[in-house]
Structures are given as C-alpha cells and as structure tokens.
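First the structure, in the form of structure tokens, and then the observations on it.
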Amino acid sequence: KQAEELEESIKTRVFVYEKINKELRNQVQESKKQVLKLNEELNLYQGIVEKSNDIILRINKEGYILFHNPAFEQLNFISGIEKNNLFCYFGEGDFPGPEQLQDKLEKGFQKINYKIQVQLKAKTWFIFSFTPIKNKKGLIMEIQVSGRNIDFTSNQYPI
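Numbering (the numbering used here), first residue to last: 267 to 425.
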C-alpha cells in the first residue's frame with residue numbers, strides 16, 4: 267500500500283511539474299515575441315531619429331544638451347560658443363529666453379514653436395519646437411526639442 271501511495275504522489279508531482287514547465291515555456295515564448303517587437307520598435311526609432319535631417323534634442327530646464335541626434339553634429343557652428351547649452355546658439359528671433367519658455371511650459375503649454383536665427387558660420391533661420399517631458403507627478407524633468415532649417419538660401423543644412 268505504501269508503494270501505491272508513493273507512486274500516486276509521484277504521478278501527481280510529475281503532473282504538476284509538467285503543467286508548470288508548460289506554463290514557463292509559454293512565458294518564455296511570449297517574452298521572445300516581446301523582445302522581437304521591442305527590437306523592431308527600437309530599429310524604427312533609430313531610423314527616425316538617427317537619419318532625420320531635423321535636429322532632435324533632449325535638454326534640461328537650463329538648456330544643457332542631454333541627447334542630440336547626428337543632424338545636430340552636422341551643423342557648422344561658429345567657434346567660441348558653449349556647445350553644451352542650446353540657448354547659447356540662439357541669435358535673433360522670437361525666442362523670449364529660457365525663463366519665459368520654462369514659465370509657459372509650466373503653465374501647461376504642450377508644445378511651443380519659435381523662429382530663431384542660429385549662430386552658424388552663415389546665420390540660418392530655424393523653427394524650434396519645445397515639448398515638456400514630465401514625470402509621473404507632472405513636473406517637467408526635461409524638454410524635447412526639434413529644429414528645422416527654414417532658411418532656403420543656405421546650403422548649411424539640408425531639408
């Protein structure tokens with residue numbers, strides 16, 4: 267009788283372990299599908315950001331550049347500018363200044379556009395769009411910036 271109970275106990279455990287094993291295999295398969303999907307999305311993102319002719323930046327509230335795409339590196343900036351701060355590149359235009367930008371973003375503006383002349387070797391006009399990146403509490407942590415050359419007389423930056 268003990269042998270039968272032991273055999274039944276083993277059968278029950280084997281059944282349970284086979285069920286758990288099958289569930290784990292399904293989870294592994296699902297994880298692999300998610301990784302493939304994330305890789306596809308990453309490739310799409312890289313294709314958009316890395317190959318864009320538009321400038322794409324992430325800055326902090328003071329204007330210091332945290333991330334930039336290759337288009338930013340292709341610009342022919344004048345020497346002597348503090349290259350880590352986006353606002354140092356700005357010349358003429360309707361940009362009111364970092365404090366006013368921050369104030370508008372904190373008041374709830376989701377996107378603000380300014381026409382700004384950038385201090386390149388040849389002064390060039392851009393439209394810059396500023397979008398706040400907020401944390402879960404709604405506080406602005408960073409600012410997403412995109413810039414497009416609108417100066418058609420300059421060969422400085424392809425459109």
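By construction, the Cβ of each residue, glycine as well, lies at the ideal position given by its N, Cα and C atoms.
Going by DSSP, what residues sit across from residue i in a beta bridge?
{"i": "Asn379", "result": "Ser395"}
{"i": "Gly359", "result": "Ile382"}
{"i": "Lys303", "result": "For Lys303, which the question treats as bridged, DSSP gives no partner whatsoever."}
{"i": "Gly413", "result": "Ile321, Phe394"}
{"i": "Tyr330", "result": "Asn351"}
Between the options, which has its C-alpha nearest residue i's C-alpha?
{"i": "Gln385", "options": "Glu270, Cys354, Tyr283", "result": "Cys354"}
{"i": "Leu352", "options": "Ile382, Lys373, Lys403, Gly374", "result": "Ile382"}
{"i": "Lys377", "options": "Glu273, Leu290, Gln410", "result": "Gln410"}
{"i": "Val379", "options": "Gln293, Phe392, Lys403", "result": "With the sequence shown as reference, residue 379 is identified as Asn, and Val is not the correct amino acid for it. Per the Cα distances, Phe392."}
{"i": "Ser388", "options": "Ser395, Phe356, Ile406", "result": "Sequence check: residue 388 is Ala here, not Ser. Among Ser395, Phe356, Ile406, the Cα nearest to that of Ala388 is on Phe356."}
{"i": "Gln368", "options": "Leu341, Phe396, Asp360, Asn342", "result": "Phe396"}
Can you give me the C-alpha to C-alpha distance between residue i and residue j, rounded to a whole angstrom?
{"i": "Asn309", "j": "Glu296", "result": "20 Å"}
{"i": "Asp320", "j": "Glu307", "result": "20 Å"}
{"i": "Gly413", "j": "Ile322", "result": "7 Å"}
{"i": "Asn350", "j": "Asn287", "result": "53 Å"}
{"i": "Asn305", "j": "Phe333", "result": "21 Å"}
{"i": "Leu371", "j": "Phe338", "result": "23 Å"}
{"i": "Tyr423", "j": "Glu358", "result": "Interpretation of Tyr423 is limited by its pLDDT of 45, a score under 50 that renders its predicted location unreliable; no figure is taken from the coordinates."}
{"i": "Lys285", "j": "Ala269", "result": "24 Å"}
{"i": "Thr390", "j": "Gln293", "result": "54 Å"}
{"i": "Met407", "j": "Leu290", "result": "39 Å"}
{"i": "Pro364", "j": "Arg324", "result": "15 Å"}
{"i": "Lys403", "j": "Gln312", "result": "29 Å"}
{"i": "Asn415", "j": "Ile314", "result": "17 Å"}
* Report yes or no: do the region 292 to 312 and the region 325 to 335 share at least 3 C-beta pairs separated by less than 8 Å? => No: fewer than three Cβ pairs fall under 8 Å.
* Mind pulling the alpha helix (DSSP H) runs of 4 or more residues that sit fully within the region 268 to 303? -> Runs of the alpha helix (DSSP H) lying entirely within the region 268 to 303, each at least 4 residues long, are absent.
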